[in-house]
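Asker: Pasting in a structure now, in structure tokens, and then I'll have a few things to ask.
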Amino acid sequence: MLLVEALGCHPIHTGGLERAGLLEATAAFVIGMWFAGEDSQAVLPPMEFAQGAA
0 MLLVEALGCH
10 PIHTGGLERA
20 GLLEATAAFV
30 IGMWFAGEDS
40 QAVLPPMEFA
50 QGAA
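Its first residue numbered 0, the sequence shown is counted upward by one per residue in numbering that gives the first Met the number 0.
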């Protein structure tokens, strides 16, 4: 069992370790917004609402 599953969540594959730096930077940005009381979902919309989505 993965840690994410033990927490009751569903794991998703988002790429290999070569993307770890991007994930860390994005997490720092989103968590910073969250702690500042901002709506981080406003800058990370679902794909169907993202500009240029196919």
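Cβ coordinates follow ideal geometry from the N, Cα and C atoms, glycine included.
Return helix, strand or coil for I30, following the three-state DSSP convention.
Answerer: For this step, residue 30 is matched to residue 31 along the sequence shown. Reduced to three states, the DSSP call for I30 is helix.
Asker: So what's G20 in DSSP terms, helix, strand or just coil?
Answerer: By one-based count along the sequence shown, residue 20 stands at place 21. Looking at G20 - three-state DSSP - the assignment turns out to be helix.
Asker: For L2, which of helix, strand or coil comes out of DSSP?
Answerer: What you label residue 2 is simply residue 3 of the sequence shown in a count that begins at 1. The answer is helix: DSSP assigns L2 an H, G or I state.
Asker: Given a cut-off of 8 Å on the beta-carbon distance, is the pair P10 and E17 in contact?
Answerer: Here residue 10 corresponds to residue number 11 of the sequence shown, with the count starting at 1. Here residue 17 corresponds to residue number 18 of the sequence shown, with the count starting at 1. Contact: no.
Asker: For L43 and L6, I'd like the C-alpha separation in whole angstroms.
Answerer: What you label residue 43 is simply residue 44 of the sequence shown in a count that begins at 1. What you label residue 6 is simply residue 7 of the sequence shown in a count that begins at 1. Taking the straight line from one Cα to the other gives about 23 Å.
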